């Protein structure tokens, strides 16, 4: 009974924090106002302030993430809605997203390995360029730490949406398809939001690239893990 | 084709999108957030498509049109959403089961996305049979990561020990692929 009550309490608290921060970020609409990072920060702060160990929060976490599976599968719906873009730009999208995903994974992994990070952290940093549902699962399969992966994903997305547009303009990439694909592949949902601010086509392309990058990174993960020699 | 000229594919793609029968992206939308900001490249009177093709609260979806109004509609809506959730859940569960049974090194949900996409393309599942719940779940997708990210409170020392290395790794691996994707796409476009 006590367990059920605390589970409900933690879940309700998480939902409330999420709704509050979501409203804030919808209102101000800035890359630094990241819903995941801010909400998790607030909840960690509350737990630490109330001297509650993480273990007490775990049952609520498990209950809340039960819907993550169906939510990830639901990504097929936008993919299907934009299937015409896939037909028109299919080869370009697949080639560049595949190259980008592989490069993102390997460069992150090598940099982390050279920097002397522990093995589990190196594995967790591999999927840092894809949207969290894929990243979390990839980390879990290869004995990484899902929470760390989520943190790296958010950091990457924030960085990409802050610097991405500026850097692309700087090197002279103005084509809307190229910009959308680049932003979506490297900084997933946050990059997609930035691309959407630039225009309709950039946004649609970034949304497609984000989903494809997640799936391709999952497919390339065995290769990356093998190349880096971390299992 | 130069990078500054109007892309030829753009009109083509836009035409293809508007032709999609009964699809939600065919409807011209006002700005996605209701207040289009004058950002570079964003023309405020132009329809802005949602990046994920999501429907918002106010949108009337195909599946809703035949329903009436009042409490009956409310009940029917809830039942409908639960049914749609059951479809999504079934695919996710089945794919996860299959992947662990076959020992594939692939997340079950990635297979799930492919399965649902194929089923939609083959017409086994129609869009309106999943779109309501799918849109709801996708709108709140980030919620599910908050509890996972709370797990970071166990890993604080990794950040204090290796903060600089991590930052460098993330910076390099964000900007390098960004440029490569941009250039590869441009290259492929010029070739055509």
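Residue numbers (the numbering used here), protein chains in the order written: chain A, 236 to 466; chain B, 111 to 302.
Idealized CB from N, CA, C, for every residue including glycine.
This structure is a prediction, so every number in the text was calculated from the model and none was measured.
Beta-carbon gap between residue i and residue j smaller than 8 Å
i: residue 263 of chain B; j: residue 279 of chain A; result: yes
i: residue 242 of chain B; j: residue 205 of chain B; result: no
i: residue 219 of chain B; j: residue 368 of chain A; result: yes
i: residue 389 of chain A; j: residue 277 of chain A; result: no
i: residue 315 of chain A; j: residue 230 of chain B; result: yes
i: residue 307 of chain A; j: residue 256 of chain B; result: no
i: residue 443 of chain A; j: residue 373 of chain A; result: no
i: residue 194 of chain B; j: residue 240 of chain B; result: yes
i: residue 383 of chain A; j: residue 265 of chain B; result: yes
i: residue 410 of chain A; j: residue 299 of chain B; result: yes
i: residue 309 of chain A; j: residue 297 of chain B; result: no
i: residue 303 of chain A; j: residue 287 of chain B; result: no
i: residue 377 of chain A; j: residue 463 of chain A; result: no
i: residue 436 of chain A; j: residue 406 of chain A; result: no
i: residue 200 of chain B; j: residue 408 of chain A; result: no
i: residue 268 of chain B; j: residue 356 of chain A; result: yes
For residue j and residue i, the rounded distance between their alpha carbons
i: residue 238 of chain A; j: residue 371 of chain A; result: 26 Å
i: residue 402 of chain A; j: residue 433 of chain A; result: 14 Å
i: residue 293 of chain A; j: residue 359 of chain A; result: 20 Å
i: residue 242 of chain A; j: residue 290 of chain B; result: 46 Å
i: residue 251 of chain A; j: residue 258 of chain B; result: 16 Å
i: residue 332 of chain A; j: residue 268 of chain A; result: 27 Å
i: residue 253 of chain B; j: residue 253 of chain A; result: 7 Å
i: residue 274 of chain A; j: residue 281 of chain A; result: 11 Å
i: residue 294 of chain B; j: residue 324 of chain A; result: 13 Å
i: residue 160 of chain B; j: residue 224 of chain B; result: Here residue 160 of chain B scores only 47 on pLDDT, less than 50, and its place in the model is too uncertain to base an answer on.
i: residue 237 of chain B; j: residue 423 of chain A; result: 24 Å
i: residue 255 of chain A; j: residue 262 of chain A; result: 11 Å
i: residue 438 of chain A; j: residue 286 of chain A; result: 43 Å
i: residue 320 of chain A; j: residue 440 of chain A; result: 8 Å
i: residue 227 of chain B; j: residue 449 of chain A; result: 15 Å
i: residue 265 of chain A; j: residue 245 of chain A; result: 28 Å
i: residue 222 of chain B; j: residue 207 of chain B; result: 11 Å
i: residue 334 of chain A; j: residue 210 of chain B; result: 28 Å
i: residue 326 of chain A; j: residue 386 of chain A; result: 32 Å
i: residue 105 of chain B; j: residue 343 of chain A; result: Look at the range of chain B in this structure, 111 to 302, and you will see that residue 105 of chain B is not part of it.
i: residue 184 of chain B; j: residue 445 of chain A; result: 34 Å
i: residue 330 of chain A; j: residue 391 of chain A; result: 22 Å
i: residue 305 of chain A; j: residue 249 of chain B; result: 13 Å
i: residue 301 of chain A; j: residue 354 of chain A; result: 28 Å
i: residue 461 of chain A; j: residue 278 of chain B; result: 23 Å
i: residue 187 of chain B; j: residue 459 of chain A; result: 45 Å
i: residue 431 of chain A; j: residue 276 of chain B; result: 29 Å
i: residue 140 of chain B; j: residue 258 of chain A; result: Confidence at residue 140 of chain B is low in this model, with a pLDDT of 42, below 50, so its placement is unreliable and the value that follows should be read with caution. The alpha-carbon atoms of residue 140 of chain B and residue 258 of chain A are separated by roughly 20 Å.
i: residue 414 of chain A; j: residue 247 of chain B; result: 27 Å
i: residue 340 of chain A; j: residue 400 of chain A; result: 21 Å
i: residue 244 of chain B; j: residue 288 of chain A; result: 34 Å
i: residue 322 of chain A; j: residue 260 of chain A; result: 34 Å
i: residue 247 of chain A; j: residue 457 of chain A; result: 38 Å
i: residue 336 of chain A; j: residue 240 of chain A; result: 43 Å
i: residue 484 of chain A; j: residue 189 of chain B; result: There is simply no residue 484 of chain A to check, as chain A begins at 236 and stops at 466 in what is shown.
Residue i CB to nearest heavy atom of the ligand NAD below 7 Å
i: residue 380 of chain A; result: This structure simply doesn't include the ligand NAD, nor any ligand for that matter.
C-beta neighbour in chain D for residue i, strict 8 Å
i: residue 211 of chain B; result: The structure shown contains no chain D; its protein chains are A and B.
Open item on the list: Below 8 Å, how does it come out for the segment 359-367 of chain A and the segment 274-287 of chain B: are there three or more Cβ pairs, yes or no?
Closed with: Contact holds: three or more Cβ-Cβ distances are below 8 Å.
TODO: Assess, as a yes-or-no matter, whether the segment 207-215 of chain B is touched by the segment 287-306 of chain A under the definition of 3 or more beta carbon pairs within less than 8 Å.
DONE: Of all C-beta pairs linking the segment 287-306 of chain A to the segment 207-215 of chain B, fewer than three are shorter than 8 Å, placing the two stretches out of contact.
TODO: Go through the segment 252-306 of chain A residue by residue and report every complete run of the alpha helix (DSSP H) that reaches 4 residues or more, in order.
DONE: Within the segment 252-306 of chain A, the complete alpha helix (DSSP H) runs of at least 4 residues are 270-284 and 289-299.
Open item on the list: With three or more beta-carbon pairs closer than 8 Å as the criterion, would you say the segment 453-461 of chain A touches the segment 402-422 of chain A?
Closed with: The answer is no - the segment 402-422 of chain A does not touch the segment 453-461 of chain A, with fewer than three Cβ pairs under 8 Å.
Open item on the list: Quick check: the segment 259-275 of chain B against the segment 338-352 of chain A, are at least 3 beta-carbon pairs closer than 8 Å?
Closed with: Under the Cβ criterion (8 Å, minimum of three pairs), the segment 338-352 of chain A counts as touching the segment 259-275 of chain B.
Task: the segment 393-408 of chain A touching the segment 420-430 of chain A, judged by at least three CB pairs closer than 8 Å - done: Contact between the segment 393-408 of chain A and the segment 420-430 of chain A is present, with at least three C-beta pairs closer than 8 Å.
Task: Inside the segment 202-233 of chain B only - alpha helix (DSSP H) runs reaching at least 4 residues - done: Counting only runs of at least 4 residues, the segment 202-233 of chain B fully encloses the following alpha helix (DSSP H) elements, listed from N- to C-terminal order: 218-232.
Task: Whole alpha helix (DSSP H) elements within the segment 246-270 of chain B, 4-residue minimum - done: Counting only runs of 4 or more residues that sit fully inside the segment 246-270 of chain B, the alpha helix (DSSP H) segments are 255-260, in chain order.
- [ ] Starting from the N-terminal side, write out each stretch of the beta strand (DSSP E) that is 3 residues or longer and does not extend beyond the segment 338-384 of chain A.
- [x] Within the segment 338-384 of chain A, no complete beta strand (DSSP E) run reaches 3 residues.
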